[in-house]
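The listed protein sequences derive, respectively, from chains A and B.
Following the numbering used here, the numbering of the first sequence begins with 1 at its first residue and continues without gaps.
Following the numbering used here, the numbering of the second sequence begins with 1001 at its first residue and continues without gaps.
What follows is a short report on a single structure.
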Amino acid sequence: MSLIELRNVSKEYRNTHALRGIDLVVSRGEWMNIVGPSGSGKSTLLNIIGGLDSPTSGEVSIDSVDISRLPEDDMAVLRREKIGFIFQQSHLIPYLTAVENVMLAQYFHSMAEEKEAADALSRVGLGHRLEHRPSQMSGGEQQRVCIARALINNPEILLADEPTGNLDRENTRLILELLDKLHSEEGFTIVLVTHDPFVAQWGRRVLTMEDGRIKCDESICRL
Amino acid sequence: MKKKRFLHFFLRSAAQRKGRNLMAALSVMLAVAVVTGMVGITSGVREKLGAELRAYGANVLVSPAKGGSFSKEIISRIRNIRGVDDASGQYFTVASIRGHEVEVIGLELDKFRKMGWKLFGRLPGREGEMLAGINLKTGLKPAEGNAEELIHGDLRREMILSGFIERGGPEDSALIMSLGDAWAVSGASDVIDVVLVRVSPSAFEEAVRQLRVTLPDASVKSVRQVASAEESLLSKIRLLMLLVTAIVVFASSISVASTMAANVFERREEIGLMKALGAKRRDIGAFFFAESLLIGAAGGFFGCLFGVAAAEVISMGAFGTFIRPAFYLPAISLLTGLLLSLVSGYFPVRDAMRSDPAVILRGE
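Set out below in structure tokens:
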């Protein structure tokens, strides 16, 4: 059953074609990685799926709801209800502790509960770092706080933009194992952007982008 | 619970920029102090001016046109003019008390009750007694019943202090005594510097005309004229203060706007993140408007205190009297502070609310 559906989606930025007529279906519970060179449109595609950006033309549906022309505030509601973001730079608020950073996501969703936020951090192995600020944590730990924050509101989709881009191999493996567990045990739908072949092999499906187009969809290429 | 969390995140965030927010609050405080001072002076002094002149019960002032003094006979001449209900003379001199020069006012003490001055102690009942203005009580600390030596040139005279008066004017720093005692202190005799005249309102124009004809060497002014001279001074001060206020408010609003713009710029990443986490425009706006409100409220509160203090100092310097701040002054100060910070913060906050999370999170 499709959870994400894009029909003929294009995006232009001042005469630059970031995406050209993308058609894509991602099923519920799927883990899809998007790879491709810089400027190929990977992050733009991820932002459009996540409602952070809107297409110039075409249609985007999340869980059968067309989000391509949603007003800004409705888009915000969709993001907090259905999507969890994991960023390359983790984007943690430096003056808040780990648990407060997670609670901030809860605050915009519904009610900030410290215990739930602490549980989410324990889930990613950071139960002992609740009161630490980002500057007191390693890059890998910061990224795990970012994952805990993405999980806290029980989203259906995890969107990760180069989540291991700033990490060493050991921490990269830790993060990927965590995502794999969330995918296989808890059924999260994951769309992950990467340029790292090591990361790309963890997905069940690999989408290769080039010049704003899908060059190869692994599940199709295999046929 | 939601409000508590909002407060928690808001305070954590505001504390990060406390130096900058403090500067913005100081700018607001300055503007509010100027506005409060201006409103305080213009409303307070006008009220005082009216009360001051009404307190005498007089509606015409007669004084020598070319300086100098009148002979005391002028009082009876004035009383005889048709339409004049009463007339009372005053004589002014200066004497030294315990090494301090103070103004001495000689007047007809039997008219004292009509003048509406506050009396602490008792009125001088016999020759050689005097009253002191309330400001001297704290300054020179004379005690009731004690004798004080007044020196004027080579003359020395002992006067017994029978009480204190308070009027909210220059008399609060003067010694008040009968005309006879004031003459004795200065060595003058039977001279008058000003006559306060009560003219029947129904015969006002004719009586004033008669006063001018009968006393060609005197300046005869209705209290309204005196008031309007002071009003004119007040208007000039008000105009000047309006100009200063406009400049200060403008400068302050630029300062607050630039502070808010800097805050928004510094928090771009946070704003992008909050939007990605599902914050609506109004959620983002709430944090920044709360910051504006805090700056405005703090600036308004302290601006009110400084404004009232400044109004008192200016009023004392220019008009020789303290003012009683109007009851609505704190509300005006607070509103000015809030309005100033909200209006100045509006455009930066609007930009924050409209910002594009995808662009911000890409680091552009």
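A virtual CB, placed ideally from N, CA and C, is assigned to each residue, including glycine.
Note that the coordinates shown come from a computational prediction; the quantities given were computed from them, not determined experimentally.
Coarse secondary structure for residue i, derived from DSSP in three states
{"i": "T87/A", "result": "What sits at residue 87/A in the sequence shown is Phe, not Thr. The answer is coil: DSSP assigns F87/A none of H, G, I, E or B."}
{"i": "H17/A", "result": "strand"}
{"i": "P1064/B", "result": "strand"}
{"i": "Y1328/B", "result": "coil"}
{"i": "I147/A", "result": "helix"}
{"i": "I244/A", "result": "Because chain A in this structure spans residues 1 to 223, residue 244/A falls outside the shown range and cannot be described."}
{"i": "E1291/B", "result": "helix"}
{"i": "K82/A", "result": "helix"}
{"i": "S1071/B", "result": "strand"}
{"i": "R133/A", "result": "coil"}
{"i": "Q1210/B", "result": "helix"}
{"i": "T1093/B", "result": "strand"}
{"i": "C221/A", "result": "Its pLDDT being 46, under 50, C221/A is placed unreliably in this model, and the value from its coordinates should be taken loosely. Looking at C221/A - three-state DSSP - the assignment turns out to be helix."}
{"i": "E1127/B", "result": "coil"}
{"i": "L1161/B", "result": "strand"}
{"i": "N153/A", "result": "coil"}
{"i": "K1002/B", "result": "helix"}
{"i": "H1152/B", "result": "strand"}
{"i": "F1120/B", "result": "strand"}
{"i": "S1252/B", "result": "helix"}
{"i": "G1106/B", "result": "strand"}
{"i": "E114/A", "result": "helix"}
{"i": "N8/A", "result": "strand"}
Where residue i meets chain A, residues with beta-carbon distance less than 7 Å
{"i": "A1279/B", "result": "A76 and F108"}
{"i": "M1001/B", "result": "M111"}
Top-ranked residue by Cα proximity to residue i, from the options
{"i": "V193/A", "options": "E186/A, A160/A, A117/A and L174/A", "result": "A160/A"}
{"i": "I1284/B", "options": "G1303/B, I1295/B, V1094/B and R1268/B", "result": "R1268/B"}
{"i": "V1343/B", "options": "F1322/B, V1308/B and A1290/B", "result": "A1290/B"}
{"i": "E1101/B", "options": "G1307/B, L1150/B, I1295/B and Q1016/B", "result": "L1150/B"}
{"i": "E218/A", "options": "W31/A, C146/A, I62/A and V60/A", "result": "W31/A"}
{"i": "I1323/B", "options": "D1086/B, V1035/B, R1167/B and G1083/B", "result": "R1167/B"}
{"i": "M1260/B", "options": "L1022/B, H1008/B and M1177/B", "result": "L1022/B"}
{"i": "F1120/B", "options": "V1035/B, I1105/B and E1144/B", "result": "E1144/B"}
{"i": "L1179/B", "options": "G1163/B, F1112/B, I1078/B and V1208/B", "result": "F1112/B"}
{"i": "A1031/B", "options": "I1247/B, M1001/B and G1099/B", "result": "I1247/B"}
{"i": "G1040/B", "options": "M1316/B, V1308/B, I1074/B and G1278/B", "result": "V1308/B"}
{"i": "L1026/B", "options": "I1074/B, I1254/B, R1157/B and L1136/B", "result": "I1254/B"}
{"i": "T1036/B", "options": "F1006/B, V1264/B and T1245/B", "result": "T1245/B"}
{"i": "I4/A", "options": "E162/A, D23/A and L178/A", "result": "D23/A"}
{"i": "I152/A", "options": "A98/A, I48/A and A18/A", "result": "A98/A"}
{"i": "S1252/B", "options": "S1013/B, F1006/B, H1008/B and A1024/B", "result": "A1024/B"}
{"i": "N1135/B", "options": "W1117/B, H1152/B, F1164/B and G1153/B", "result": "F1164/B"}
{"i": "V124/A", "options": "F108/A, E114/A, V145/A and S138/A", "result": "V145/A"}
{"i": "A1147/B", "options": "G1303/B, M1159/B and G1019/B", "result": "M1159/B"}
{"i": "K990/B", "options": "H132/A, H91/A and M111/A", "result": "What is shown of chain B runs 1001 to 1364, which leaves residue 990/B out entirely."}
{"i": "G1153/B", "options": "F1302/B, P1170/B, A1095/B and K1137/B", "result": "A1095/B"}
Amino acids of chain B, ordered along the chain, whose beta-carbon sits closer than 7 Å to that of residue i
{"i": "H91/A", "result": "E1269, L1273 and L1361"}
{"i": "L96/A", "result": "R1012"}
{"i": "E72/A", "result": "R1281"}
{"i": "R80/A", "result": "L1277 and G1278"}
Cβ-Cβ separation, residue j to residue i (assumed contact under 8 Å), whole Å
{"i": "Q143/A", "j": "I175/A", "result": "6 Å"}
{"i": "N166/A", "j": "Q88/A", "result": "6 Å"}
{"i": "V9/A", "j": "V60/A", "result": "6 Å"}
{"i": "L45/A", "j": "I34/A", "result": "6 Å"}
{"i": "L6/A", "j": "G58/A", "result": "7 Å"}
{"i": "I1088/B", "j": "D1193/B", "result": "The sequence shown places Ser at residue 1088/B, not Ile. The Cβ separation is near 12 Å, so there is no contact."}
{"i": "G212/A", "j": "R20/A", "result": "4 Å"}
{"i": "V1208/B", "j": "S1219/B", "result": "Actually they do not touch by this definition, with Cβ atoms about 12 Å apart."}
Closer than 7 Å: residue i CB and nearest the ligand COA heavy atom
{"i": "G1303/B", "result": "The ligand COA is not part of the structure shown, which contains no ligands of any sort."}
Beta carbon proximity, residue i to chain C, threshold 8 Å
{"i": "A1276/B", "result": "Judged by its chain identifiers, the structure shown contains no chain C, and its protein chains are A and B."}
Under 9 Å from the C-beta of residue i: neighbouring residues of chain A
{"i": "F1289/B", "result": "Residues of chain A passing the Cβ test: none, with the nearest at roughly 17 Å."}
{"i": "D1351/B", "result": "Those within 9 Å of D1351/B in chain A number zero; the least Cβ separation is about 14 Å."}
Contact set between residue i and chain A, taken where Cβ atoms lie within less than 8 Å
{"i": "F1265/B", "result": "Neighbours of F1265/B on chain A: none; closest Cβ ~16 Å, over 8 Å."}
{"i": "P1357/B", "result": "L52"}
Amino acids of chain B, ordered along the chain, whose beta-carbon sits closer than 9 Å to that of residue i
{"i": "F87/A", "result": "L1273, A1276 and L1361"}
Under 8 Å by beta carbon: chain B residues contacting residue i
{"i": "L104/A", "result": "F1009, M1274 and L1277"}
- Residues, ordered as in the chain, of the segment 2-24 of chain A that lie near chain B by beta-carbon distance below 8 Å: The residues in question: there are none.
- Note down, in chain order, all residues in the segment 190-222 of chain A with a beta-carbon under 9 Å from any beta-carbon belonging to chain B. From the segment 190-222 of chain A, no residue has a Cβ closer than 9 Å to chain B.
- Quick one: which residues of the segment 113-128 of chain A get their C-beta closer than 8 Å to a C-beta of chain B? List them in chain order. Within the segment 113-128 of chain A, no residue has a Cβ that lies closer than 8 Å to any Cβ of chain B.
- What residues in the segment 1301-1332 of chain B bring their beta carbon closer than 7 Å to a beta carbon of chain A? Residues passing the 7 Å Cβ filter: none.
- Query: For the segment 47-69 of chain A, which residues have a beta carbon sitting closer than 7 Å to at least one beta carbon of chain B?
  - Reply: Near chain B, meaning a CB-to-CB distance below 7 Å, the residues of the segment 47-69 of chain A are N47, L52 and D53.
- Between the segment 1235-1252 of chain B and chain A, which residues of the former have CB atoms less than 8 Å from a CB of the latter, in chain order? Residues: none.
- Taking a cut of 7 Å between CB atoms, which residues from the segment 158-189 of chain A lie near chain B? In summary, no residue of the segment 158-189 of chain A has a CB separated from any CB of chain B by less than 7 Å.
- Query: If contact means a Cβ-Cβ distance below 9 Å, which residues of the segment 1016-1049 of chain B contact chain A?
  - Reply: Cβ contacts with chain A: Q1016.
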